[in-house]
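S.K.: Chains as they are written, first to last, in the numbering used here: chain U, 462 to 569; chain Y, 462 to 569.
Number of protein chains: 2
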Amino acid sequence: MAYRSKAAVAALESLGDPTRRAIFERLSRGASAVGDLAANLPVTRAAVSQHLRVLKDAGLVTQSAQGTRRIYRIDPRGIGAMREWLDAHWVNALDAFKAFADAEETLK
Amino acid sequence: MAYRSKAAVAALESLGDPTRRAIFERLSRGASAVGDLAANLPVTRAAVSQHLRVLKDAGLVTQSAQGTRRIYRIDPRGIGAMREWLDAHWVNALDAFKAFADAEETLK
DNA sequence: CAAAACGGTAAGCCATGACTAACCATTAGC
DNA sequence: GCTAATGGTTAGTCATGGCTTACCGTTTTG
Numbered sequence: 462m463a464y465r466s467k468a469a470v471a472a473l474e475s476l477g478d479p480t481r482r483a484i485f486e487r488l489s490r491g492a493s494a495v496g497d498l499a500a501n502l503p504v505t506r507a508a509v510s511q512h513l514r515v516l517k518d519a520g521l522v523t524q525s526a527q528g529t530r531r532i533y534r535i536d537p538r539g540i541g542a543m544r545e546w547l548d549a550h551w552v553n554a555l556d557a558f559k560a561f562a563d564a565e566e567t568l569k
Numbered sequence: 462m463a464y465r466s467k468a469a470v471a472a473l474e475s476l477g478d479p480t481r482r483a484i485f486e487r488l489s490r491g492a493s494a495v496g497d498l499a500a501n502l503p504v505t506r507a508a509v510s511q512h513l514r515v516l517k518d519a520g521l522v523t524q525s526a527q528g529t530r531r532i533y534r535i536d537p538r539g540i541g542a543m544r545e546w547l548d549a550h551w552v553n554a555l556d557a558f559k560a561f562a563d564a565e566e567t568l569k
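#1: Compare the C-beta of Asn553 of chain U against all C-beta atoms of chain Y and say whether one is closer than 7 Å.
#2: Residues of chain U with CB under 9 Å from Ala557 of chain Y, in chain order?
#3: Look up Thr505 of chain U in the DSSP assignment and say whether it is helix, strand or coil.
#4: Mind checking if His550 of chain U is an interface residue toward chain Y, Cβ cutoff 7 Å exclusive?
#5: Measure from the alpha carbon of Ser525 of chain Y to the alpha carbon of each residue in Y:Ser493, Y:Phe485, Y:Leu498, then state which is nearest.
#6: Measure from the alpha carbon of Asp548 of chain Y to the alpha carbon of each residue in U:Gly496, U:Ser489, U:Ala499, then state which is nearest.
#7: Would you check if the distance between the CB atom of Ala554 of chain Y and the CB atom of Pro537 of chain U is smaller than 7 Å?
#8: Chain U beta carbons: is any one of them nearer than 7 Å to that of Gly477 of chain Y?
#9: Buried or exposed: which applies to Gly528 of chain U, given that a residue is buried once 16 or more other Cβ atoms fall within 10 Å of its Cβ?
#10: Whose CA, out of U:Ala507, U:Arg544, U:Arg531, U:Trp551, lies closest to the CA of Ala471 of chain U?
#11: State the DSSP-derived secondary structure class of Lys569 of chain Y, mapped to helix, strand or coil.
#12: What separation, rounded to the nearest whole angstrom, lies between the Cα atoms of Arg534 of chain U and Ile540 of chain Y?
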């Protein structure tokens with residue numbers, strides 16, 4: 462589970478940036494090449510390339526070559542890791558909240 | 462849905478920071494006062510207070526007074542918004558992936 | 001093989017934001 | 001009412017990281 466949570470942390474870190482979120486959202490609607498992504502964003506191709514590297518290192522996207530074009534697409538595993546992280550903390554939070562509510566109750 | 466996704470974005474933005482994640486993880490294991498949080502973190506109380514404000518604005522935590530102490534606890538709604546955001550993009554990604562796989566198939 | 005298309009990389013600039021120190025406000029307890 | 005406890009706020013510093021420009025490598029195409 463340690464490596465899972467590490468993946469989740471990397472994913473959270475990555476999606477904290479607005480531009481990376483924009484890239485991620487675009488890719489979730491379909492795979493795309495670097496230049497095509499950059500054409501629809503207010504930053505240069507170089508910036509997009511750098512962001513894609515971060516997203517890839519975080520396990521959120523995968524890359525495949527098609528001639529000179531690099532096609533990027535969402536890697537569902539990255540989302541999965543985040544979901545697990547969120548769910549774990551959600552369960553914790555609900556337990557803690559329940560305990561809190563019970564304690565409140567017994568005080569009355 | 463717009464306001465939901467806005468909440469999700471704020472949550473993602475917040476949890477991009479390591480210190481805020483540490484605070485969030487601690488709170489998911491139980492409510493805590495500002496001073497107690499700071500005592501277990503490598504930053505000052507002031508920094509923790511600032512982070513808590515961000516987390517609160519993002520809908521990830523709630524606050525309640527107990528004497529002079531401010532008790533912070535996880536707000537499950539924040540996590541919920543993030544889950545929805547993730548799930549929406551997950552579905553998109555899976556659809557896109559399926560379409561991609563089908564296209565690959567028809568090429569053979 | 002030459003030129004074009006496509007992207008990754010390096011160096012450098014600059015803005016954002018995380019942090020601390022100092023101060024102020026509120027509540028509790030003697 | 002005075003003191004301690006608790007924490008929010010402000011001003012200012014500094015590092016992180018996002019962006020651009022320029023350059024280089026690879027693959028395709030004529």
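Note that CB positions come from ideal geometry on N, CA and C, so glycine has one too.
Nothing here was measured: the structure is a model prediction, and the numbers come from that model.
M.R.: Considering the structure as presented:
#1: On the first sequence, position 92 is the one that residue 553 of chain U refers to. For Asn553 of chain U, the answer is yes, since a Cβ of chain Y falls inside 7 Å of its Cβ.
#2: Position 96 of the second sequence holds residue 557 of chain Y. The answer, in chain order, is Leu488, Ser489, Arg490, Gly491, Ala492, Arg534, Ile535.
#3: Position 44 of the first sequence, counted from the start, is the residue given in the question as residue 505 of chain U. The DSSP-derived three-state label of Thr505 of chain U is coil.
#4: Sequence index remark: in the first sequence, residue 550 of chain U carries index 89 (1-based). Cβ-Cβ to chain Y under 7 Å: yes for His550 of chain U.
#5: The residue labelled residue 525 of chain Y in the question sits at position 64 within the second sequence. It is Y:Ser493 whose Cα lies nearest to the Cα of Ser525 of chain Y.
#6: The residue labelled residue 548 of chain Y in the question sits at position 87 within the second sequence. Nearest in C-alpha terms to Asp548 of chain Y, of all of U:Gly496, U:Ser489, U:Ala499, is U:Ser489.
#7: One-based indexing of the second sequence puts residue 554 of chain Y at position 93. One-based indexing of the first sequence puts residue 537 of chain U at position 76. When the beta-carbon positions are compared, Ala554 of chain Y and Pro537 of chain U come within less than 7 Å of each other.
#8: Numbered from 1 along the second sequence, position 16 holds the residue referred to as residue 477 of chain Y. Chain U contact via Cβ: present.
#9: Residue mapping note: residue 528 of chain U aligns to position 67 of the first sequence, counting from 1. Exposed.
#10: One-based indexing of the first sequence puts residue 471 of chain U at position 10. Among U:Ala507, U:Arg544, U:Arg531, U:Trp551, the Cα nearest to that of Ala471 of chain U is on U:Arg544.
#11: Indexing the second sequence from 1 puts residue 569 of chain Y at position 108. Low confidence applies to Lys569 of chain Y: its pLDDT is 42, below 50, so where it sits in the model is not reliable enough to give any reading.
#12: Taking the first sequence and counting its residues from 1, the one referred to as residue 534 of chain U is at position 73. Taking the second sequence and counting its residues from 1, the one referred to as residue 540 of chain Y is at position 79. In this structure, the CA atom of Arg534 of chain U is about 25 Å from the CA atom of Ile540 of chain Y.
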